[in-house]
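K.L.:
To convert, count from 1 in the sequence shown and add 141; that's this note's numbering. For glycine and all other residues, C-beta sits at the position ideal for the given N, C-alpha and C. Owing to the predicted nature of the structure, the values given are computational and were not obtained by experimental measurement. A single structure is presented below for examination.
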Amino acid sequence: MPDLTMMIEAAGALSAAGGLGYAKARAPRVFWSLVGLPVARVRFAATYRSTMDVCGLTVQPSRLRAFMVRNVARRQDVQPVPPKVRRVRGSSTGMRVVLRLPAGLEPADVAAASERLRHAWGVHSVHVVEVKPGFVELRMTGYDVLRRVKMPRRLPRKLSGPMVVPVALREDGTAFVRDYKKIPHGLTLGANQSGKSMFQRNLITGLAKLPVGLIGIDCKRGVEQRGYAPRLSALATTPDEASSLLEVLVREMEERFDTLSAHGVSDLWDLPTKVRPVPLVVLVDEVAELFLTAVKKDEERRDQMVMRLVRLAQMARAVGIYLEVCGQRFGSELGKGATMLRAQLTGRVVHRVNDKQTADMGLGDIAPDAVFAVTTIPPDRPGVAVAGDASGGWSRIRTPEMTAAEAVAICREYAHMTPDIAALAPFRPVVRTTPAPVPTSPLVNPRPVTE
Numbered sequence: 142m143p144d145l146t147m148m149i150e151a152a153g154a155l156s157a158a159g160g161l162g163y164a165k166a167r168a169p170r171v172f173w174s175l176v177g178l179p180v181a182r183v184r185f186a187a188t189y190r191s192t193m194d195v196c197g198l199t200v201q202p203s204r205l206r207a208f209m210v211r212n213v214a215r216r217q218d219v220q221p222v223p224p225k226v227r228r229v230r231g232s233s234t235g236m237r238v239v240l241r242l243p244a245g246l247e248p249a250d251v252a253a254a255s256e257r258l259r260h261a262w263g264v265h266s267v268h269v270v271e272v273k274p275g276f277v278e279l280r281m282t283g284y285d286v287l288r289r290v291k292m293p294r295r296l297p298r299k300l301s302g303p304m305v306v307p308v309a310l311r312e313d314g315t316a317f318v319r320d321y322k323k324i325p326h327g328l329t330l331g332a333n334q335s336g337k338s339m340f341q342r343n344l345i346t347g348l349a350k351l352p353v354g355l356i357g358i359d360c361k362r363g364v365e366q367r368g369y370a371p372r373l374s375a376l377a378t379t380p381d382e383a384s385s386l387l388e389v390l391v392r393e394m395e396e397r398f399d400t401l402s403a404h405g406v407s408d409l410w411d412l413p414t415k416v417r418p419v420p421l422v423v424l425v426d427e428v429a430e431l432f433l434t435a436v437k438k439d440e441e442r443r444d445q446m447v448m449r450l451v452r453l454a455q456m457a458r459a460v461g462i463y464l465e466v467c468g469q470r471f472g473s474e475l476g477k478g479a480t481m482l483r484a485q486l487t488g489r490v491v492h493r494v495n496d497k498q499t500a501d502m503g504l505g506d507i508a509p510d511a512v513f514a515v516t517t518i519p520p521d522r523p524g525v526a527v528a529g530d531a532s533g534g535w536s537r538i539r540t541p542e543m544t545a546a547e548a549v550a551i552c553r554e555y556a557h558m559t560p561d562i563a564a565l566a567p568f569r570p571v572v573r574t575t576p577a578p579v580p581t582s583p584l585v586n587p588r589p590v591t592e
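Printed below as a string of C-alpha cells:
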C-alpha cells in the first residue's frame, strides 16, 4: 500500500511537471501567470536594492537622510538611494513597475541598464517608458510575445478615439495603433514575403469597422484590393484611373476647405456633426507604380499624380483626408517628388527589406537607431516590423495572422457602412456577388429496379 501511494504521488508530480512544460511551450500566457509571474515578483522584491546598486542606478543620500540614519537609526553605514517603487502590477504577458527617480537620475540612465535588469530578474525583456517628469515605467515581458501574436482584448483609454485602429502588437506587450488624428499619413515598406500584406489586411479590416470612407489605389489591376470592394468608396486599378481619382480627391479637399472657411474653423473635427464630411483614408498599394513610366509621353501624367499626392499629404489632414502609402522601396531614384512626398508621411513601418538602403529610406530620417533593427529581422518571422515616428522613438511590432478570405469577409460584413460620396461615384467598384454553391449530390436518389 505505501508503494502504491508513492507511485501515485510520483505520477502526480510527473504529470504536473509535464503539464507545466507543455504550457511553457504551447500556452506561455498560462505558464507565466501560474509560475513565471510569482517567481519574478519574489525575485524582484528580494533583489531590487542590490540590483539597482550594481547597475549604477542609485544616488548618494541627501545630507538630511544621512543625518537621520546616523543619529536616529544609529547606523554608520549610509546606503545609496535607489529609485522608489511606486506600483507593481502583473499581467498575462509580463509585469509593470512604476519608479520614482531620485535627483540625479534620468530615464536614459534606466534605459541604458535595461539589458542588465533583464538578466538580473530573469525576464525576456525590459522596456523603459517615461510616464511623466520624474517617473518611469519598467515594462517587463515574461516571454516572447511576438512569437504568437495575441492582441489585447481592450485598449487603454488613452489609445481610444474615433480614428484609432489597433494593427499590431509591440514587443512590450502593448498594442500598436494607427491614430490618424495624431499621425495622419503613414508609409509602410517591406520586401516580398515580409508580412506587408498582412499589415495592410489588419489595417483595412480595422478601418472597415469605423465610420470612414476607404479609397483604394492598386495599379496591379486591383489584385490586392479588389476583394475589399464592398467596403471601398472608390478603387483605381490603372495609372490612368489613379490620376483621375487623385484629381477628384484634390477637388474634394478644396471643397472641404471652403466648408471650414464658411464655419470659421481650421479642422474637420471642429465642425458640427451635421455638416461634418466623412473622413477618407486613401490606401496606395505599391506606390512605385505611380512613379514609373514606360514612354516619355506618360511623364506628364506621372508628374501630375505625384504633385497631387504631395498636395494631399501637405494639406489634406485638416479636412480629414489621410494617406496610407505602401511599397517595397521608396527613394529618390523613383523620380521628382518622391522625397518630398516621403517627408510628409510621418508614421513609418518597415518590414524585412533586401538592403540597408531601403531601411534607411524608411527610418533613417526620423529614427536612425532603428535602421540596424530592421536589418536583423529574420526571414522566418513574417509580419515582424519596426515602427517609428517623428519623435525619434521606435519599437518592434508584429501583426496577427489574417488570411485574405478573413479580410474579405470582414469587409463584406461592414459593407453597409460604406459612405455614398457623389464625387467618387464614377470610381465605385463593382461588387461581385458570390454564386450559389452547386449541390454535389443528385436531387433524386436512383433506386435499382428489382424483379
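(1) Ignoring anything shorter than 4 residues, give me the alpha helix (DSSP H) runs that lie fully in the stretch 457–532, in order along the chain.
(2) Using only CA atoms, which one of 418, 264, 565, 267 lies nearest to residue 401?
(3) Can we say the stretch 322–339 touches the stretch 450–466, given the rule of at least three CB pairs closer than 8 Å?
(4) Tell whether a beta-carbon distance below 8 Å holds between residue 245 and residue 282.
(5) What are the start and end residues of each continuous alpha helix (DSSP H) run of 4 or more residues lying completely inside the stretch 330–368, in chain order?
(6) What whole-angstrom Cβ distance do residue 470 and residue 499 have, given they're in contact under 8 Å?
(7) Using only the alpha-carbon positions, how far apart do residue 375 and residue 292 sit?
(8) What separation, rounded to the nearest whole angstrom, lies between the Cα atoms of residue 373 and residue 462?
(9) Starting from residue 538, trace the beta strand (DSSP E) both ways and give me its first and last residue.
(10) Looking only at C-alpha atoms, which of 504, 297, 319, 561 sits nearest to residue 305?
(11) Find the nearest neighbour of residue 348 within the set 567, 558, 290, judged by alpha-carbon distance.
(12) For a quick check, are the C-beta atoms of residue 312 and residue 536 less than 8 Å apart?
(13) Any idea if residue 431 is buried or exposed, counting beta-carbon neighbours within 10 angstroms, 16 or more meaning buried?
(14) Which word fits residue 577, buried or exposed, when buried means at least 16 other C-beta atoms lie within 10 angstroms of its C-beta?
(15) Report the residue from 322, 288, 505, 440 whose alpha carbon sits nearest the alpha carbon of residue 477.
(16) Go ahead and pull the three-state DSSP assignment for residue 169.
(17) With DSSP as the reference, please indicate the residues paired to residue 375 in a beta bridge.
(18) For the stretch 504–521 against the stretch 539–550, do three or more pairs of beta-carbon atoms, one drawn from each stretch, fall closer than 8 Å, so that the two count as touching?
(19) Are there 16 or more other CB atoms within 10 angstroms of the CB of residue 601, so buried, or fewer, so exposed?
(20) Kindly identify the DSSP beta-bridge partner or partners of residue 432.
(21) Mind checking residue 359: buried by the 16 CB within 10 Å criterion, or exposed?
(22) Under a three-way DSSP split, which group does residue 422 fall into?
(23) From the beta carbon of residue 259, is the nearest beta carbon of chain D less than 8 Å away?
(24) From what residue to what residue does the alpha helix (DSSP H) around residue 402 run?
(25) Just to confirm my understanding: we take residue 271, look at its own chain, exclude 5 residues before and 5 after, and list those with CB closer than 7 Å. What are they?
(26) Between which two residues does the beta strand (DSSP E) harbouring residue 266 extend?
(27) So what's residue 545 in DSSP terms, helix, strand or just coil?
(28) Got a sec, what are the start and stop residues for the beta strand (DSSP E) residue 320 sits in?
(29) One question on the structure: do residue 486 and residue 454 come within less than 8 Å of each other, judged by their Cβ atoms?
(30) Relative to the alpha-carbon of residue 344, which residue among 264, 573, 389, 524 has its alpha-carbon at the smallest distance?
(31) Which same chain residues, not among the five before or five after residue 494, have their C-beta less than 7 Å away from its C-beta?
(32) Which term fits residue 365, buried or exposed, when burial requires 16 or more other beta carbons within 10 angstroms of its beta carbon?
(33) Here's the rule: buried if 16 or more other CB atoms are within 10 angstroms of the residue's CB, otherwise exposed. What is residue 392?
(34) Grab me the residues of residue 479's own chain with a C-beta within less than 8 Å of its C-beta, minus the 5 sequence neighbours each way, in chain order.
(35) For the stretch 238–301, which segments carrying the beta strand (DSSP E) assignment without a break, of at least 3 residues, lie completely within its bounds, in sequence order?
(36) Return the first residue and the last residue of the alpha helix (DSSP H) that residue 183 is part of.
P.N.:
Taking the structure as given:
(1) 479–485, 497–504, 511–516
(2) For this step, residue 401 is matched to residue 260 along the sequence shown. Of the candidates 418, 264, 565, 267, the one whose C-alpha sits nearest the C-alpha of residue 401 is 418.
(3) yes
(4) The residue given as residue 245 occupies position 104 in the sequence shown. The residue given as residue 282 occupies position 141 in the sequence shown. The answer is no: Cβ separation not under 8 Å.
(5) 337–349
(6) Taking the first residue of the sequence shown as position 1, residue 470 is located at position 329. Taking the first residue of the sequence shown as position 1, residue 499 is located at position 358. At roughly 5 Å, the Cβ-Cβ gap stays under 8 Å, so residue 470 and residue 499 are in contact.
(7) On the sequence shown, position 234 is the one that residue 375 refers to. On the sequence shown, position 151 is the one that residue 292 refers to. So the two alpha carbons sit approximately 30 Å from each other.
(8) To locate residue 373, count along the sequence shown from 1; it is residue 232. To locate residue 462, count along the sequence shown from 1; it is residue 321. One C-alpha to the other measures close to 15 Å.
(9) In the sequence shown, the residue the question calls residue 538 occupies position 397. It spans 535–539 - the beta strand (DSSP E) in which residue 538 sits, taken as one unbroken run.
(10) Counting from one through the sequence shown, the residue named residue 305 turns up at place 164. Of the listed residues, the one whose Cα sits closest to residue 305 is 319.
(11) Here residue 348 refers to the residue found at position 207 when the sequence shown is read from its first residue. Among 567, 558, 290, the Cα nearest to that of residue 348 belongs to 558.
(12) Counting from one through the sequence shown, the residue named residue 312 turns up at place 171. Counting from one through the sequence shown, the residue named residue 536 turns up at place 395. A contact, by the Cβ cut-off of 8 Å.
(13) To locate residue 431, count along the sequence shown from 1; it is residue 290. Classification of residue 431: buried, given that the 10 Å Cβ count is 16 or more.
(14) Counting from one through the sequence shown, the residue named residue 577 turns up at place 436. Residue placement at residue 577 is flagged as unreliable, the pLDDT there being 47, under the threshold of 50; the coordinate-derived value follows with that caveat. Result: exposed.
(15) Counting from 1 along the sequence shown, the entry for residue 477 is found at position 336. Measuring from the Cα of residue 477, the nearest candidate turns out to be 440.
(16) On the sequence shown, position 28 is the one that residue 169 refers to. Looking at residue 169 - three-state DSSP - the assignment turns out to be helix.
(17) Along the sequence shown, read from residue 1 onward, the residue named residue 375 stands at position 234. Answer is 356, bridged to residue 375.
(18) no
(19) In the structure as shown, the chain begins at 142 and stops at 592. Residue 601 is therefore absent and cannot be evaluated.
(20) Counting from 1 along the sequence shown, the entry for residue 432 is found at position 291. Answer by DSSP bridge pairing: none, since residue 432 is not bridged.
(21) Against the sequence shown, residue 359 aligns to sequence position 218. Counting Cβ neighbours within 10 Å, residue 359 comes out buried, since at least 16 surround it.
(22) In the sequence shown, counting from the first residue as 1, residue 422 sits at position 281. Of the three classes helix, strand and coil, the one that applies to residue 422 here is strand, per DSSP.
(23) Chain labels in this structure do not include chain D; a single protein chain is all it has.
(24) Position 261 of the sequence shown holds residue 402. Here the alpha helix (DSSP H) through residue 402 covers 380–404.
(25) Within the sequence shown, residue 271 is the residue found at index 130, counting from 1. Same-chain partners within the cutoff: 248, 277.
(26) In the sequence shown, counting from the first residue as 1, residue 266 sits at position 125. Counting along the chain, the beta strand (DSSP E) containing residue 266 begins and ends at 266–273.
(27) Numbered from 1 along the sequence shown, position 404 holds the residue referred to as residue 545. In the structure shown, residue 545 sits in a helix (DSSP, three-state: H, G or I).
(28) For this step, residue 320 is matched to residue 179 along the sequence shown. From DSSP, the beta strand (DSSP E) with residue 320 extends over 316–320.
(29) Position 345 of the sequence shown, counted from the first residue, corresponds to residue 486. Position 313 of the sequence shown, counted from the first residue, corresponds to residue 454. Contact: yes.
(30) Numbered from 1 along the sequence shown, position 203 holds the residue referred to as residue 344. When only C-alpha atoms are compared, the closest one is 524.
(31) One-based indexing of the sequence shown puts residue 494 at position 353. Within the same chain, residue 494 has close Cβ partners 330, 331, 332, 500, 515.
(32) By one-based count along the sequence shown, residue 365 stands at place 224. By the 10 Å Cβ count, residue 365 comes out buried.
(33) Taking the first residue of the sequence shown as position 1, residue 392 is located at position 251. It is exposed - the Cβ of residue 392 has fewer than 16 other Cβ atoms within 10 Å.
(34) Within the sequence shown, residue 479 is the residue found at index 338, counting from 1. Excluding residues within five positions, the ones whose Cβ falls inside 8 Å are 432, 447, 471, 472, 473.
(35) 266–273, 276–282
(36) The residue you call residue 183 lines up with position 42 of the sequence shown. Note, residue 183: alpha helix (DSSP H), 178–195.
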